[in-house]
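Our numbering applies: residue 3 is where the sequence shown begins, and numbers increase by one. The beta carbon of each residue, even a glycine, is placed where N, CA and C say it ideally should be. Down below is the structure, laid out as structure tokens.
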Amino acid sequence: MTTPQVDPTSVEALEERLGDPWDDANPVGFSQVLAADERGELLDAGEQLLDAYGLGSEFVPTSEGGRMTHLPRLISLMRAVFRRDPSLGLGYGASSLIASVNVWTAGSAAQRHAVADLLLRKRKLACGYYELAHGNDLARVEFEALPSGDGLLLNGTKQVISNIRRADAVVLFARTQAGAGSRNHSQVLVDLTRAPADRVTHLPRFRTTGMRGVPLGGVTFQDCPVPSDAVLGAPGQGLETALKSFQVTRVALPGMFLGIVDTGLRTTIQASKARTVYGRAVTDLPQTRSVLADTFADLLLCDAFTTVAARGVHLLPREASLTTAAVKFLVPRVLMDAMGRLSTVLGARFYLRDGDTAVFQKLLRDLQPVGFGHLARVAGQMTLLPQLPLLARRGWAQPRPAPAALFRLDAPLPPLPFDKLAVSGGGQDGLAGSLLEGLESLGDGARTQPLRDRLEAFARELEVLRRESAALAPRELIVTASPAAYELTTRAITLMAASACLNVWRQQSSDPFLGDPAWLLAALHRLDVWRGRAQGPLPEAVRTRLFTELHARHEDARAFDLTRMPLSGWRPSPAPLS
Ligand SMILES: Cc1cc2nc3c(=O)[nH]c(=O)nc-3n(C[C@H](O)[C@H](O)[C@H](O)COP(=O)(O)OP(=O)(O)OC[C@H]3O[C@@H](n4cnc5c(N)ncnc54)[C@H](O)[C@@H]3O)c2cc1C
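What follows is the structure, given as structure tokens:
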């Protein structure tokens with residue numbers, strides 16, 4: 003009998019290559035990851051391993067000769083890297099992804115070919131969106147790419163850019179004409195291997211608290227000529243291209259960062275199991291079990307929301323501006339809170355840079371950019387805010403459910419429709435429709451009563467949200483809106499998350515764990531705690547069910563996300579939990 007071959011490009015194959023993280027002899031194990039972090043370097047053995055696996059081609063759509071088929075796969079692959087070493091994840095690849103998505107969204111055939119070729123050759127592409135002076139306020143970016151002769155001249159400085167010194171090319175967000183407004187900027191693809199050396203000055207490296215291995219630089223261009231066809235799309239379209247590209251990256255990145263909390267939870271379980279206090283293992287204390295179960299529920303909630311939003315980019319691209327902005331606001335906060343909570347279980351050991359739990363302090367530091375990095379969480383709210391009145395008049399007034407395939411984790415996806423991404427959702431919100439449809443489908447009966455109670459509260463909230471959003475004055479739809487208006491976006495976001503969880507549960511009814519209402523109840527409870535509508539631990543039966551599953555996954559070395567995939571290289575736990 004022949005053993006089935008593992009697809010060498012699969013997530014499982016990547017996991018296998020990465021091997022046992024707890025093995026000190028593993029060149030990409032935690033000992034080496036931590037040593038590289040202490041040196042402030044990217045893990046060289048990790049970069050070589052990812053080169054050999056061909057991770058760069060995962061950022062290139064199949065239509066351009068790469069292996070990027072769909073976002074959930076890309077997230078899973080990168081999550082495997084983030085589980086191990088987030089600096090490697092960001093420094094090896096996520097920054098190339100952030101840049102290249104602009105090219106797939108707005109680039110010409112020649113630009114797409116050039117970037118695909120660069121990534122397939124395992125070279126780096128940097129992305130210079132921000133300037134420290136202006137942060138998320140992209141409309142004020144000063145860096146210039148102004149017309150001169152038959153080309154453009156680059157002038158200005160970009161700071162805090164991953165990989166800029168070693169990148170072959172960079173996508174720069176630049177002012178292409180003077181004036182205020184949204185049509186004065188463009189994205190410019192600059193071939194750094196051809197830029198005249200005397201016109202480009204690199205700044206000293208920026209040192210950071212976390213992600214220490216990521217080479218963060220800055221660059222000043224002075225009268226640096228580039229051809230006019232370096233602009234991505236039509237001149238003046240830069241902000242629009244960025245707003246569309248963000249829809250891919252602001253869901254992909256939180257999805258990847260989720261791997262950090264997976265390892266944080268695993269490390270905490272491992273350490274708490276071995277640690278005895280008051281004559282028993284820390285994991286035998288009911289309070290500890292409760293915190294661990296809460297964190298597991300948070301991971302499932304985040305993964306359900308992220309996965310649905312990522313599938314939505316393929317299936318409902320018109321609505322992706324809403325759902326991905328919502329993920330960017332909610333998921334990073336839940337992940338950061340979860341990691342903070344785990345640190346309280348570890349006690350003093352979460353602070354140590356040596357020993358079995360040393361990786362935790364690195365992960366805690368590396369997690370923080372999920373909140374502000376790439377773009378701020380509040381930018382997610384800003385994307386939703388001006389869309390509220392139209393949502394109130396259309397999608398929330400006559401809710402139409404999203405297709406079931408959005409929530410079926412194994413349903414095939416069409417290629418990423420970069421050409422169909424839109425700046426506004428046009429007032430549609432399939433998740434609202436699916437929330438009501440899902441609630442309706444529960445029917446009567448004692449088994450689903452606790453779910454109905456929670457979900458009816460969410461449905462009532464939708465009606466209040468619709469009324470209040472319809473009444474918003476124009477001054478409440480801009481950056482200087484009141485906190486109460488921002489709060490409406492928070493409420494809309496939690497409704498979307500609730501719908502994502504409910505419908506993932508509905509569509510996975512034959513799965514022994516995902517089809518069990520326990521995890522859904524837990525996720526909805528955590529969502530209610532997060533938005534201040536509930537407090538306290540999970541109901542006891544739910545808590546026990548979640549802890550039992552968590553325990554089993556820990557013992558079997560399986561992921562704590564929706565996939566429950568085996569982490570083949572990860573050594574199973576030596577001492578079983580009691
Ligand atoms: C490890 C790392 C890697 C990075 N890599 C890159 C890279 O490759 N390329 C790149 O271009 N940049 C990169 N950056 C920069 C980063 O992406 C930042 O997001 C960017 O500098 C702007 O962040 P900021 O917090 O300074 O934003 P600011 O906009 O200056 O935010 C300042 C404060 O204002 C708040 N705020 C902003 N808007 C609003 C609003 N509407 N309402 C209320 N409050 C608001 C923010 O929440 C924040 O609290 C990197 C940073 C790090 C740490």
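| Item | Value |
| --- | --- |
| Under the three-state DSSP convention, the category Arg560 falls into | strand |
| Cα-Cα separation between Leu579 and His556, rounded to whole angstroms | Reliability of the predicted coordinates at Leu579 is poor, the pLDDT of 43 falling under 50, and the value obtained from them is presented with this limitation in mind. Approximately 9 Å between the Cα atoms of the pair. |
| Proximity below 7 Å, CB of Ala394 to CB of Arg343 | no |
| Inter-stretch contact at 8 Å, needing at least 3 Cβ pairs: the segment 178-197 / the segment 237-256 | yes |
| CB-CB length for Ala360 against Leu36, believed under 8 Å | 6 Å |
| Residues near Arg367 in its chain [Cβ-Cβ closer than 7 Å; skip 5 each side] | Thr211, Gly212 |
| Outcome for Phe352 when other beta-carbon atoms lying within 10 angstroms are tallied against a minimum of 16 | buried |
| Per DSSP, the bridge partner or partners of Gln189 | Phe175, Leu234 |
| Own chain partners of Gly261 with C-beta closer than 6 Å, once the 5 adjacent residues on each side are dropped | Arg81, Phe84, Arg85 |
| Residues near Pro237 in its chain [Cβ-Cβ closer than 6 Å; skip 5 each side] | Thr178, Ser188 |
| CB contact flag (Asp300, Val347, <7 Å) | no |
| CA-to-CA distance, Asp225 to Arg462, given in whole angstroms | 59 Å |
| Same chain, Cβ closer than 7 Å to Leu529, five either side skipped, listed in chain order | Leu303, Thr496, Ala499, Ala500 |
| Stretch-stretch touch, CB-based, cutoff 8 Å, three pairs: the segment 120-127 with the segment 47-63 | yes |
| Coarse secondary structure for Glu43, derived from DSSP in three states | coil |
| CA-to-CA distance, Gln537 to Gly21, given in whole angstroms | 40 Å |
| Beta-ladder partner(s) of Ser345, from DSSP | Answer is none; Ser345 lacks a bridge partner. |
| CA-to-CA distance, Ala232 to Val173, given in whole angstroms | 9 Å |
| Inter-stretch contact (C-beta, 8 Å, three-pair minimum) for the segment 395-407 and the segment 429-442 | yes |
| Length of the line joining the Cα atoms of Ala524 and Leu552 | 13 Å |
| Start and end residues, beta strand (DSSP E) containing Glu14 | Where Glu14 is concerned, there is no enclosing beta strand (DSSP E), although the alpha helix (DSSP H) it sits in stretches over 13-20. |
| Span of the alpha helix (DSSP H) around Asn505 | 485-509 |
| Rounded distance between the beta-carbons of Phe562 and Phe298, thought under 8 Å | 6 Å |
| Residue environment, Ser484, which counts as buried when at least 16 other CB atoms sit within 10 Å | exposed |
| Near ligand 1: Pro1 beta-carbon under 6 Å from a heavy atom | Since the first residue shown for the chain is 3 and the last is 580, residue 1 is missing from the structure and cannot be characterised. |
| Check: Ser164 C-beta below 6 Å from any heavy atom of ligand 1 | yes |
| Ile271 in three-state terms, based on DSSP | helix |
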